[in-house]
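For reference, the structure discussed in these notes is given below.
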Amino acid sequence: MSKQITVPFGPQHPVLPEPLHLDLVLEDEKVVDVIPTIGYVHRGLEKLVEKREYTEYVFIAERICGICSFIHSQTYVQGIEQIMGLEIPERAQYLRTIWSEYSRLHSHLLWLGCFADSMGFESVFMNSWRLREHILDDLEATTGGRVIQGVCKVGGVRRDITPEKLDEMVKGLKGIEHELQDLTNVFLHDSSIQHRLKGIGVLSKEDAYYLGAVGPTARGSGLAIDIRETGYAAFGKINFKPVVEYDGDCYARCAVRAKEMFTSIDIIEQCAKKIPDGTVDMKVTGAPDGEYFSRAEQPRGEVIHYIKGNGKKNLVRHRVRTPTFTNIPPLVTLLKGCDLADVPVIVLTIDPCIGCAER
Amino acid sequence: MSFFQMTKTVLKSLFSRPATLMYPVKPAKKTDATRGHVKINPDGCITCRSCQRKCPTQAICVEVKEKTWQIDQMRCVVCAVCVDVCPTKCLTMDNQYRPAMTARGGLEKFTVAGPKKKEPVVAEAAKPAKE
Numbered sequence: 243m244s245k246q247i248t249v250p251f252g253p254q255h256p257v258l259p260e261p262l263h264l265d266l267v268l269e270d271e272k273v274v275d276v277i278p279t280i281g282y283v284h285r286g287l288e289k290l291v292e293k294r295e296y297t298e299y300v301f302i303a304e305r306i307c308g309i310c311s312f313i314h315s316q317t318y319v320q321g322i323e324q325i326m327g328l329e330i331p332e333r334a335q336y337l338r339t340i341w342s343e344y345s346r347l348h349s350h351l352l353w354l355g356c357f358a359d360s361m362g363f364e365s366v367f368m369n370s371w372r373l374r375e376h377i378l379d380d381l382e383a384t385t386g387g388r389v390i391q392g393v394c395k396v397g398g399v400r401r402d403i404t405p406e407k408l409d410e411m412v413k414g415l416k417g418i419e420h421e422l423q424d425l426t427n428v429f430l431h432d433s434s435i436q437h438r439l440k441g442i443g444v445l446s447k448e449d450a451y452y453l454g455a456v457g458p459t460a461r462g463s464g465l466a467i468d469i470r471e472t473g474y475a476a477f478g479k480i481n482f483k484p485v486v487e488y489d490g491d492c493y494a495r496c497a498v499r500a501k502e503m504f505t506s507i508d509i510i511e512q513c514a515k516k517i518p519d520g521t522v523d524m525k526v527t528g529a530p531d532g533e534y535f536s537r538a539e540q541p542r543g544e545v546i547h548y549i550k551g552n553g554k555k556n557l558v559r560h561r562v563r564t565p566t567f568t569n570i571p572p573l574v575t576l577l578k579g580c581d582l583a584d585v586p587v588i589v590l591t592i593d594p595c596i597g598c599a600e601r
Numbered sequence: 132m133s134f135f136q137m138t139k140t141v142l143k144s145l146f147s148r149p150a151t152l153m154y155p156v157k158p159a160k161k162t163d164a165t166r167g168h169v170k171i172n173p174d175g176c177i178t179c180r181s182c183q184r185k186c187p188t189q190a191i192c193v194e195v196k197e198k199t200w201q202i203d204q205m206r207c208v209v210c211a212v213c214v215d216v217c218p219t220k221c222l223t224m225d226n227q228y229r230p231a232m233t234a235r236g237g238l239e240k241f242t243v244a245g246p247k248k249k250e251p252v253v254a255e256a257a258k259p260a261k262e
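One line per chain: the protein sequences are A and B, in this order.
The first sequence begins at 243 in our numbering and counts up one residue at a time.
The second sequence begins at 132 in our numbering and counts up one residue at a time.
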């Protein structure tokens, strides 16, 4: 047996946008054990719920993450609405669906860019981010913010999209769809990328299930878990199938994200066709009294917001379980047995978002 | 096949304009809906303090006696709640971002009109006339 050495990976590392620390125990070039550490960017947002009114806290819930921001506010607001028994207007449900799919699109494009960058594929990185800019432009024109949209509120949404703008958005998405196809072809068919990804970091279906993998990490291993299928917001009225790959390696997880972009475009198109007329918000009185587990599908997987109120303006408890947090045990399993040079690529395939995971 | 694909991308990139903007020199592209920063029309403010109560970051401070309205632009998260709740619509959202700051500060204080005086003023003005 050769001598074991420990190599620190992160919290500052060129491929990591956010501070995740891994102690890699190496034997020669092979990783034999991994000890993950988080806790570098803790902000104490959950405690803040006691200081702010439940309606103001929407903006704080949105700032838990800078990428899946809209879905965080949506999940929180859905939880409050469930406790208070509010039936929000159907148009607001559809608008939330459209915006959440837009944020999924921009998150996946961001990830594809970062992922290409981690493999040293700079031009694809720039192309992905150029396409992402189209998505952000539409988000800014309809919500007022590029990544922090701030449109969700208890009882509906704060802005409406005109039918003309909606048509324009769908046409815009159709316009960039062939460019997205070109980009996806690079990730799925380029020989050097396949060589870098195939057969590396394999997570079996059983491991994915028992270690609690969610989102593309689970779907890349053949687990068809997608919370959108539970039909929250307007997803119940939309026809779509979760993208599932069966190999469980880095290539499969990359393929899931690349193909999910087209599912998102399809969902937005269906929403634009089916969206009813009407108001987008309703008057809310009183305060939540009760508790609820609110779930939604983020670009990274399932997010859970636990909300507890006691009939006063301030909530008693708010707890968030983010997808990155639950994807860390699968990551540890993935890394065991891989080469040191593959560690950055494997870490990125779970799409770590540490700002989310630590709140 | 992939060679032609690459040539297509290269030619396209060669003969098209850059996708990026030289941001501070050229202004960033904006839409009508963009939330840039909060502006106040001091003549319309009645110091009702709705904006102060609803601000999630407590960036706004209204002094009723001194008739001042103050915003800490560094605390403000540009959520536009104050603009929504303002009863006289004297708060508006400008779609230009504020320029980056190189020193501490960001406090902006305005002297505002204050609440509109109605009947009591008329009554007091009328009284001396009678005497």
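Even for Gly, the Cβ is constructed at its ideal location relative to N, Cα and C.
- Using a Cβ-Cβ distance cut-off of 8 angstroms, the stretch 467 to 476 of chain A and the stretch 527 to 540 of chain A are in contact, since at least three pairs of beta carbons, one from each stretch, lie closer than that value.
- Taking the C-beta atoms as reference points, residue 428 of chain A is found no nearer than 8 angstroms to residue 461 of chain A.
- A residue is called buried once 16 or more other Cβ atoms fall within 10 Å of its Cβ, and residue 232 of chain B, having fewer, is exposed.
- Counting other Cβ atoms within 10 Å of its Cβ, residue 395 of chain A reaches 16 or more and is therefore classed as buried.
- The DSSP-derived three-state label of residue 384 of chain A is helix.
- Sequence-distant Cβ neighbours of residue 500 of chain A in its own chain, meaning closer than 7 angstroms and more than five residues away, are 354, 426, 429 and 430.
- For the pair residue 180 of chain B and residue 197 of chain B, the Cα-to-Cα distance works out to about 13 angstroms.
- For residue 194 of chain B, the closest alpha carbon among the candidates B/188, B/216, B/183 and B/204 is that of B/183.
- When 7 angstroms is used as the limit between beta carbons, residue 166 of chain B is near these residues of chain A: 386 and 387, in chain order.
- Distance between residue 598 of chain A and residue 457 of chain A, taken at the CA atoms: about 15 angstroms.
- Under the three-state reduction of DSSP output, residue 532 of chain A falls in the strand class.
- Of the residues assessed, residue 497 of chain A falls on the buried side of the cut-off, its CB having 16 or more other CB atoms within 10 angstroms.
- Residue 312 of chain A: member of the alpha helix (DSSP H) spanning 311 to 326, first to last residue.
- Taking CB atoms only, residue 429 of chain A has no neighbour in chain B less than 8 angstroms away.
- Look at residue 363 of chain A here: in three-state DSSP terms it is coil, with no helix or strand label.
- Your pair residue 283 of chain A and residue 256 of chain A does not check out as a contact, with CB atoms roughly 18 angstroms apart and the cut at 8 angstroms.
- Looking at the DSSP output, residue 510 of chain A bridges to nothing.
- Secondary structure in the stretch 446 to 519 of chain A: no beta strand (DSSP E) run of 3 residues or longer lies completely within the stretch.
- Nearest to residue 339 of chain A by alpha-carbon distance, out of A/582, A/584, A/517 and A/350, is A/517.
- In the pairwise beta carbon analysis, the stretch 439 to 450 of chain A is classified as touching the stretch 584 to 600 of chain A: at least three pairs are separated by under 8 angstroms.
- Under the three-pair Cβ rule at 8 angstroms, the stretch 343 to 352 of chain A counts as touching the stretch 300 to 314 of chain A.
- Within 7 angstroms of the CB of residue 372 of chain A, the CB atoms of chain B belong to 150, in sequence order along the chain.
- Measuring C-alpha to C-alpha distances from residue 154 of chain B to each of B/239, B/242, B/230 and B/218 identifies B/230 as the nearest.
- Rounded to whole angstroms, residue 239 of chain B and residue 562 of chain A show a C-alpha spacing of 36 angstroms.
- Scanning chain B for C-beta atoms nearer than 9 angstroms to the C-beta of residue 417 of chain A yields nothing, as the closest lies near 15 angstroms away.
- For the stretch 299 to 319 of chain A, the beta-carbon criterion of a distance under 7 angstroms to any beta-carbon of chain B is satisfied by 301 and 302.
- When only Cα atoms are considered, residue 165 of chain B and residue 401 of chain A end up about 12 angstroms apart.
- In the DSSP annotation of this structure, residue 580 of chain A is not part of any alpha helix (DSSP H), being labelled neither H nor E.
- Taking every protein chain shown into account, the CB of residue 552 of chain A has fewer than 16 other CB atoms within 10 angstroms, so this residue is exposed.
- In the DSSP annotation of this structure, the continuous segment of the beta strand (DSSP E) that includes residue 191 of chain B starts and ends at 191 to 194.
- Using a Cβ-Cβ cut-off of 9 angstroms, residue 138 of chain B is close to nothing in chain A; its nearest Cβ partner there is about 13 angstroms away.
- The stretch 323 to 335 of chain A makes contact with the stretch 521 to 530 of chain A; the number of CB pairs closer than 8 angstroms reaches 3 or more.
- For the beta strand (DSSP E) assignment, the uninterrupted runs of no fewer than 3 residues enclosed by the stretch 138 to 224 of chain B are, from N- to C-terminal side, 168 to 171, 191 to 194 and 199 to 203.
- Within chain B, the residues whose beta carbon sits less than 8 angstroms from that of residue 294 of chain A are 187, listed in sequence order.
- Contact annotation, residue 392 of chain A with residue 210 of chain B: C-beta distance approximately 5 angstroms; criterion of less than 8 angstroms satisfied.
- For residue 392 of chain A, the chain B residues whose Cβ falls inside 9 angstroms of its Cβ are 166, 208, 209, 210, 211 and 212, in order along the chain.
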